[in-house]
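In my numbering, the protein residues as written are 6 to 288.
Glycine included, each C-beta is placed from N, C-alpha and C at the ideal position.
Source: prediction; values computed, not measured.
Note sheet for the following structure.
Dropping the structure here:
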């Protein structure tokens, strides 16, 4: 494993939602508070500006992403910059916005909502699947860590303020089956779970916002590794690169008292295990 290095030096207000596009071979990520989507290729950085918060995405085909915004799920074309609304997402509630999200192995897209002012219990977790958006869990405060076991039968979900991560069994179409199962209760003096991803061997890699680390847990909940980053507000990891052995990690610079040149940058490092390819969203 190598030491973290700067992949992109943009100091995002709230860097989030890294997504490695397997067909394009490039990373996309968001600055939620600046309403921006970014990418970087050999030609440099590119940015798209939106009119409202945007937070997470899944890939649809080579040119199109499903983008979760403050009020909708959007079919967005990165080559033309055009978009069309797929469905509303709490569009009637100006107090909330989208947050963490990820595509599941069945072609569905999971997305959480939360209060813009971080009011407890104001959010929910949804799944979009083949044209239908269904609310799965509520109330939730800050839904995070949405990711999936390699066999596609388990989803992981965190509520950041509670410091807890759950497992949810899935049926043959990716819908929840049975009740949520408690997985981890993380003490607040060292952990604050944010975004997460599962590698190809079933380990959960979870960013700990405020603590500048990514913690790695095996399927039994044992912590097997902790990786430190220069930025204290690590937000979300994603696997990418040609062999899926590059870990990308976004960060934030929301609080002036902790702002340094490192905050809000996107980092990368080589690791000794491959991630899962990001799953395609089926519209």
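So what does residue i bridge to, in DSSP terms?
i, result
"residue 284", "In DSSP, residue 284 forms no bridge with anything."
"residue 132", "115 and 139"
"residue 181", "175"
"residue 21", "35"
"residue 60", "DSSP lists no partner for residue 60."
"residue 160", "153 and 173"
"residue 9", "Per DSSP, none; premise fails for residue 9."
"residue 253", "243 and 273"
"residue 72", "62 and 79"
"residue 186", "172"
"residue 108", "114"
"residue 213", "198 and 218"
On a CA-only basis, which of the options is nearest residue i? Give me that one, please.
i, options, result
"residue 270", "152, 15, 19 and 138", "15"
"residue 117", "12, 45, 187 and 95", "95"
"residue 284", "268, 266, 264 and 244", "244"
"residue 37", "280, 257 and 268", "257"
"residue 206", "155, 87 and 92", "155"
"residue 89", "100, 73, 104 and 99", "73"
"residue 150", "161, 34, 176 and 68", "161"
"residue 238", "226, 227, 264 and 224", "264"
"residue 195", "216, 58 and 165", "216"
"residue 165", "236, 208 and 124", "124"
"residue 84", "35, 97, 229 and 69", "69"
"residue 34", "276, 255, 287 and 259", "255"
"residue 66", "26, 56, 50 and 191", "26"
"residue 142", "136, 128 and 135", "128"
"residue 192", "167, 57 and 180", "167"
Under a three-way DSSP split, which group does residue i fall into?
i, result
"residue 218", "strand"
"residue 165", "helix"
"residue 198", "strand"
"residue 229", "strand"
"residue 27", "coil"
"residue 66", "coil"
"residue 242", "strand"
"residue 208", "coil"
"residue 148", "strand"
"residue 46", "strand"
"residue 94", "coil"
"residue 101", "strand"
"residue 278", "coil"
"residue 41", "strand"
For residue i versus residue j, is the C-beta distance shorter than 8 Å?
i, j, result
"residue 107", "residue 115", "yes"
"residue 60", "residue 113", "no"
"residue 213", "residue 197", "yes"
"residue 41", "residue 53", "yes"
"residue 12", "residue 273", "yes"
"residue 144", "residue 119", "no"
"residue 241", "residue 268", "no"
"residue 77", "residue 71", "no"
"residue 318", "residue 186", "Because the chain in this structure spans residues 6 to 288, residue 318 falls outside the shown range and cannot be described."
"residue 133", "residue 140", "no"
"residue 226", "residue 189", "yes"
Can you check whether the C-beta of residue i is within less than 8 Å of a C-beta belonging to chain D?
i, result
"residue 138", "Checking the listed chains, one finds no chain D in this structure; it contains a single protein chain."
Checklist entry - Between the segment 272 to 280 and the segment 236 to 254, do at least 3 Cβ pairs fall closer than 8 Å? => result yes
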